[in-house]
Amino acid sequence: MTSSQDDRFDYDQIIIGTGFGGSVSALRLSEKGHRVLMLEKGRRWKDEEFSDNSWNLKKFLWAPRLGLTGNLQISLTRKITALHGVGVGGGSLVYANVHLIPKDEVFAAESWTRVHGDWKQRLAPFYGLAQRMLGVTKSHYENAADEALQETARRMGREHTYQTVNTGVLFPEDPDDASGAKRGDPYFDGDGPERNSCQYCGGCTMGCRHNAKNTLVKNYLWFAERNGVEIRAESEVTRIEALPDAKGQRDGSAGYEITVQSSTAWFAKKPYRLRCRGLVLSAGVFGTIPLLLKARDQDQTLPRLSSRLGREVRTNSETLIVNTARFADASGQPQEICHGPTITSMFDPDDETRIEINRFPRYGDATFALQSAVPLTDTHGQVPRSVSMLINILRQPLTTLRMLNPVGKSKHSIIFLVMQTRDTYVHLKSQRPWYTMFKPGWSVYQDKDDRALSNYFPIAHEAARHFVEAAGGGEAGNVATEVLSGAPSTAHLMGGVAIGTSAEDGVVDDRGRAFGYHNLRVIDGSLIPGNLGVNPSLTILALAEYAWAEEPVFDEGRAAEVSRVHFSKPLPGSCSALDGHGDLHGLIASDAATTTTATSGVDA
Numbered sequence: 117m118t119s120s121q122d123d124r125f126d127y128d129q130i131i132i133g134t135g136f137g138g139s140v141s142a143l144r145l146s147e148k149g150h151r152v153l154m155l156e157k158g159r160r161w162k163d164e165e166f167s168d169n170s171w172n173l174k175k176f177l178w179a180p181r182l183g184l185t186g187n188l189q190i191s192l193t194r195k196i197t198a199l200h201g202v203g204v205g206g207g208s209l210v211y212a213n214v215h216l217i218p219k220d221e222v223f224a225a226e227s228w229t230r231v232h233g234d235w236k237q238r239l240a241p242f243y244g245l246a247q248r249m250l251g252v253t254k255s256h257y258e259n260a261a262d263e264a265l266q267e268t269a270r271r272m273g274r275e276h277t278y279q280t281v282n283t284g285v286l287f288p289e290d291p292d293d294a295s296g297a298k299r300g301d302p303y304f305d306g307d308g309p310e311r312n313s314c315q316y317c318g319g320c321t322m323g324c325r326h327n328a329k330n331t332l333v334k335n336y337l338w339f340a341e342r343n344g345v346e347i348r349a350e351s352e353v354t355r356i357e358a359l360p361d362a363k364g365q366r367d368g369s370a371g372y373e374i375t376v377q378s379s380t381a382w383f384a385k386k387p388y389r390l391r392c393r394g395l396v397l398s399a400g401v402f403g404t405i406p407l408l409l410k411a412r413d414q415d416q417t418l419p420r421l422s423s424r425l426g427r428e429v430r431t432n433s434e435t436l437i438v439n440t441a442r443f444a445d446a447s448g449q450p451q452e453i454c455h456g457p458t459i460t461s462m463f464d465p466d467d468e469t470r471i472e473i474n475r476f477p478r479y480g481d482a483t484f485a486l487q488s489a490v491p492l493t494d495t496h497g498q499v500p501r502s503v504s505m506l507i508n509i510l511r512q513p514l515t516t517l518r519m520l521n522p523v524g525k526s527k528h529s530i531i532f533l534v535m536q537t538r539d540t541y542v543h544l545k546s547q548r549p550w551y552t553m554f555k556p557g558w559s560v561y562q563d564k565d566d567r568a569l570s571n572y573f574p575i576a577h578e579a580a581r582h583f584v585e586a587a588g589g590g591e592a593g594n595v596a597t598e599v600l601s602g603a604p605s606t607a608h609l610m611g612g613v614a615i616g617t618s619a620e621d622g623v624v625d626d627r628g629r630a631f632g633y634h635n636l637r638v639i640d641g642s643l644i645p646g647n648l649g650v651n652p653s654l655t656i657l658a659l660a661e662y663a664w665a666e667e668p669v670f671d672e673g674r675a676a677e678v679s680r681v682h683f684s685k686p687l688p689g690s691c692s693a694l695d696g697h698g699d700l701h702g703l704i705a706s707d708a709a710t711t712t713t714a715t716s717g718v719d720a
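For the sequence shown, the numbering used here begins at 117 and goes up steadily by one.
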């Protein structure tokens, strides 16, 4: 299709959010000849600007009303506490680089098979493509913490499930070299950004300062901007409206108008409006869904959105356990375990649970202040767990004080990230909460028949106790706020924009297109229809690639001017079954390659 510029629109496509779904969307739309704008409420970061001290909250946390403009946002609700990345690159700025394909039984769940019974086969080539775009390789780094985790698995009779993770980190060519050597562009045949090897600082989740972490800025967004995509940081969308066509119909066929304002200014927000032919929401669960709820229920500018919007938001059934251990070297001296990529190994203590170790840099003590731990608290009959916690504290006052002290803690502590495939969920709805003086907003709730959320996993407590014993002693503890509130913490919100066959059973179709509207898509973790039991980043990328795979060319002239992404030969340890080089996206887009599978690196 050949298309000339339409002066009615400022852009052909506007994408809200620059995370995993938005970055894929930007690159693929630019390759089809669209004029694309991305809007991001967070900052644009240079590598050297990331915080080297977690106590510098201004550069660590996102709370602009308090003057904090860091890259980590913590959202507190009555039911869950969510941690999510903010900034150009979205969650990739603060994620731990882990890219895993869920087990087969995840895709067999009813929530997935409602539309297609062969999701794993459909997504397989796109998993492989995403693995190559993110440079996913098998981690070859292990230290004493990983060895203790392996011993934990052995003690629980699950050593066969222990493995190092698949990760998006550029490891040194010599495993013993942590000098941050210059590597040129090792992924994209010299067309991508120059990179450096990992220095094993442990700072992945605070923002990589050493150009070794494969964030979206180093791949999808790099090529999207090369293709002419514009990114506006510190820009927050507050309103979405479908424009009327010649007959006065507002079904999206005539495009959309959005209202944008500064996300960091205290007073002069300077709102302005933009018009676009198509709109893509990629702002994450707590960004995308509230925007659409507001448009449907409060502004009534998108009234035909499905009543399923906001239903079944999942937390990946997660909880956190803090382990401080007394590791020692051969001479008996205390041994630091903060070195290496954040997550390097994992095991399954049972068939529905996954445990990964998370380490933090020497300068990451504030993480343990935010996740203050108290002695492991089990349930005892009808006694509330919060009461059991207080009893534990009274019985172990010195241990508790030691656990609550964050100073120097990151050198000798790891956090268990515990994930389950067990299906539990919450819902989001429009509301005027009393604590906002009844201003229009949204809230999180559960129906009375929903399975209650839990942050108490006895199998994880058993693993934590084995871990500190294997490490030579120490303390294992729950995050105090989880025990007191009963609300689990998660860095992996997903769902709430169900994929369905119509507005009766879903909000969007399998390509993210909203029922009831033209040219409106949701492409982010909100699409994922069930708990994965693994880190979701790779699945979001695969769903996004799948969503745009059949998109036709929009402007032949502009599309012809775009250079395709060409891959180098894969690095040693690559997890992708797409082991060639050149234009791999073009390869899997062809009918001859649709049966390609990404079995390498599959978490079987």
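For each residue, glycine too, the CB sits at the ideal point set by N, CA and C.
One thing to note: VAL638 has its Cβ within 9 Å of the Cβ of SER398.
For the pair VAL252 and VAL285, the Cα-to-Cα distance works out to about 7 Å. For GLY371 and ASN635, the gap between their C-alpha atoms comes out near 7 Å. By a beta-carbon distance limit of 8 Å, ILE530 does not contact ILE615. Their separation comes to about 36 Å. Put simply, the stretch 616 to 631 touches the stretch 407 to 425. At least three CB pairs are less than 8 Å apart.
Annotation note: the stretch 122 to 208 contains the following uninterrupted alpha helix (DSSP H) runs of length 4 or greater, listed N- to C-terminal: 136 to 147, 173 to 176. Contact check for PRO477 against CYS454 passes: the beta carbons are separated by less than 9 Å.
The stretch 354 to 364 and the stretch 155 to 170 do not touch, with fewer than 3 CB-CB distances between them shorter than 8 Å.
Apart from the 5 residues on each side of it in sequence, ARG674 sits with its Cβ closer than 7 Å to the Cβ of GLY149 in its chain, given in chain order. The Cβ-Cβ distance between GLY646 and ALA225 falls below 9 Å.
Sorting ALA340, GLN451, PRO513 by C-alpha distance to the C-alpha of GLY524 places GLN451 at the top. The C-beta distance from ASP290 to SER461 rounds to 21 Å, too long to fall under 8 Å, and the pair is not in contact. In this structure the stretch 208 to 226 does not lie against the stretch 344 to 363, because fewer than three pairs of beta carbons, one per stretch, are closer than 8 Å.
If you look at MET462, you'll find it isn't in any alpha helix (DSSP H); it sits in the beta strand (DSSP E) that goes 461 to 466.
When only Cα atoms are considered, VAL681 and SER504 end up about 56 Å apart.
A distance of 9 Å or more separates the beta carbons of HIS200 and PHE532. Secondary structure of THR483 (DSSP, three-state): helix.
Around LYS386, the same chain offers GLN377, SER378 as residues with beta carbons nearer than 8 Å, after the five sequence neighbours per side are excluded. Distance from the CA atom of THR193 to the CA atom of SER559, rounded to whole angstroms, is 8 Å. Taking a C-beta distance under 9 Å as the contact criterion, ALA592 and ALA580 qualify as a contact pair. Taken atom to atom, the span from the alpha-carbon of THR417 to that of GLY702 is near 38 Å. Within the DSSP bridge table, the entry for ARG627 names no partner. Following the DSSP letters along the chain, one finds LEU636 inside the beta strand (DSSP E) bounded by residues 636 to 638. Excluding sequence positions up to five before and after GLU275, its CB lies within less than 6 Å of the CB of ALA269, all in the same chain and listed in chain order. Taken atom to atom, the span from the alpha-carbon of ILE644 to that of LEU544 is near 15 Å. Taking THR495 as reference, the option from ALA328, CYS320, PHE573 with the minimal CA-CA separation is PHE573. If you draw a 10 Å sphere on the C-beta of PHE383, you find fewer than 16 other C-beta atoms in it, and that means exposed. Spanning the alpha carbons of LEU145 and LYS555 requires a straight line of approximately 37 Å. With fewer than 16 other Cβ atoms from the protein chains shown falling within 10 Å of its own Cβ, GLY300 counts as exposed. DSSP places GLY323 outside both helix and strand once states are collapsed to three, so it counts as coil.
By the Cβ neighbour-count rule, LEU517 is exposed, with fewer than 16 other Cβ atoms within 10 Å of its own. The beta carbons of THR469 and ILE374 sit no closer together than 9 Å. The DSSP assignment places no complete run of the beta strand (DSSP E) inside the stretch 225 to 255 (cut-off: 3 residues).
Comparing C-alpha distances from ASP126 to each of GLU672, ARG391, ASP566 shows the shortest one belongs to ARG391.
With the rule of 3 Cβ pairs closer than 8 Å, the stretch 318 to 331 does not count as touching the stretch 339 to 349. Linking ARG181 to ALA381 through their CA atoms gives a straight-line distance of about 8 Å.
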